[in-house]
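Below: one structure, written as structure tokens.
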Amino acid sequence: MTGEIIYGNELAANLREEMKQEVEQLKQKNITPSLTVILIGDDPASQSYVRGKQKASDKVGVDSELILLPESTTQQELVDRITKLNQDESVHGILVQLPLPNHIDEQVIIETIDPNKDVDGFHPVNIGRMMTGKDTFYPCTPYGIITMLKSKNIEIAGKHAVIVGRSNIVGKPVGQLLLNENATVTYCHSKTKDMKQYTRDADIVIVAVGKMHFITGDDIKDGAVVIDVGINRKEDGKLTGDVEFESAQQKASYITPVPKGVGPMTITMLLHNTIKSAKKYHDIL
Ligand code: GUN
40 MTGEIIYGNE
50 LAANLREEMK
60 QEVEQLKQKN
70 ITPSLTVILI
80 GDDPASQSYV
90 RGKQKASDKV
100 GVDSELILLP
110 ESTTQQELVD
120 RITKLNQDES
130 VHGILVQLPL
140 PNHIDEQVII
150 ETIDPNKDVD
160 GFHPVNIGRM
170 MTGKDTFYPC
180 TPYGIITMLK
190 SKNIEIAGKH
200 AVIVGRSNIV
210 GKPVGQLLLN
220 ENATVTYCHS
230 KTKDMKQYTR
240 DADIVIVAVG
250 KMHFITGDDI
260 KDGAVVIDVG
270 INRKEDGKLT
280 GDVEFESAQQ
290 KASYITPVPK
300 GVGPMTITML
310 LHNTIKSAKK
320 YHDIL
């Protein structure tokens, strides 16, 4: 079997085109969805992500403001900034780029953001709403993954989904969203014994560990759906995933590439959440 490639960049482009039209209609009602991104320090990877968010916002017509703060910013200064944005009626979405410098407590910052503006879906209120199967802002990468599966009409209900990696940003929430879709979910992580026994049983494998080629064709069963969330840089400078693509594609029914896979979907779902927040604020959802 040679797995069909799910191109996230193509799906993202289609969704962004639809969003662009929706934003045009909202603007006719004098509603312009707006996103404020806060970036602290000068980590090159974070700068590159934030630039991508700005560019995508511009294309779709979402207003985006970038607040760049120095590495020396104190936790209280950041809390004060967020409190002001919470009160600013023209701001629908607030995103603080993670990771934060060590002297700032990430959880304090996440909990400072108004849950109604938490377009990352990281606030405990939104996580709780997601866990109880309620409509809310879902974390962008997991939501993008579910959207990719649905775009190919891949059945989730009753399937065994195995998540490799248990981060708060990807692993944990994607398992929850798959459970909400009635999958049977197994989480594997660094303390899991004999991981292969789980991944080889999986109908859907989601790999989000940040280790180059951690999963190979040998680890999955014939016909599995393989979703690769990893972004690693090879020695030649090129990007590659947590899955060894060639061997895994030989067994998979569907597989996502890196790049052009999950990555472009994350920003797309962020824009989706920002538009949703604007609509909710203006009571048209
Ligand atoms: N850093 C890496 N991924 C993310 C994300 O989805 N949101 C935020 N705020 N920071 C990140």
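Its first residue numbered 40, the sequence shown is counted upward by one per residue in the numbering used here.
No residue lacks a Cβ here, since even glycine has one placed at the ideal position from N, Cα and C.
With a cutoff of 8 Å, Val268 does not count as near the ligand GUN, since its C-beta is closer than that to no heavy atom of the ligand. Here Asn271 is bridged, per DSSP, to Thr279. For Gln215, the shortest C-beta to heavy atom distance toward the ligand GUN is 8 Å or greater.
Asp233 sits in coil when the DSSP states are folded into three classes, being neither helix nor strand. Under the DSSP assignment, Ala317 falls in the alpha helix (DSSP H) whose first and last residues are 302-320.
Shown here for Ser103: same chain residues with a beta carbon closer than 8 Å to its own, the five before and five after excluded, namely Ser73, Leu74, Thr75, Val76, Lys92, Gln93, Ser96, Asp97 in chain order. Between Ala317 and the set Asn48, Glu63, Thr71, the nearest pair of CA atoms involves Thr71. Note on Arg272: under 16 other CB atoms within 10 angstroms of its CB, so exposed under the neighbour-count rule. Assignment of beta strand (DSSP E) within the segment 195-254, counting only whole runs of 3 or more residues, yields 199-203, 223-227, 243-246 in chain order.
By the CB criterion at 9 Å, Gly269 and Lys299 fall outside the cutoff.
With contacts defined by Cβ atoms closer than 9 Å, Tyr320 and Glu150 do not form a contacting pair. Excluding sequence positions up to five before and after Asn165, its CB lies within less than 6 Å of the CB of Pro154, Asp157, Thr175, Phe176, all in the same chain and listed in chain order. Excluding five sequence positions before and after Asn221, the CB atoms of its chain that fall closer than 8 Å to its own CB belong to Ile195, Ala196, Gly197, given in chain order.
Leu324 carries a coil assignment under DSSP once its states are collapsed to helix, strand and coil. Our two residues, Lys315 and Leu309, have alpha carbons roughly 10 Å apart in a direct line. For the ligand GUN, no non-hydrogen atom lies closer than 8 Å to the CB of Val246. In the structure shown, the three-state DSSP call for Ile193 is coil. Nearest Cα to Val297 within the set Gly42, Thr41, Asn48: Asn48. With a cutoff of 8 Å, Thr112 does not count as near the ligand GUN, since its C-beta is closer than that to no heavy atom of the ligand.
Inter-residue distance for Ser206 and Met40 is about 31 Å (C-alpha atoms, whole angstroms). Only residues of its own chain outside the window of five on either side were considered, and among them Gln288, Ala291, Ser292, Tyr293, Ile294 have a CB closer than 6 Å to the CB of Gly42, listed in chain order. Rounded to whole angstroms, the Cβ separation of Asp257 and Ser286 is 7 Å, and the two are in contact under 8 Å. For Val297, the shortest C-beta to heavy atom distance toward the ligand GUN is 8 Å or greater. C-alpha of Lys189 to C-alpha of Val209: approximately 18 Å in a straight line. The continuous alpha helix (DSSP H) containing Thr151 extends over residues 145-151. In this structure, the alpha-carbon of Arg120 lies about 19 Å from that of Asp81. Here the distance from the Cβ of Gln146 to the nearest heavy atom of the ligand GUN is not below 8 Å. Pro303 and Ile243 have their C-alpha atoms spaced approximately 20 Å apart.
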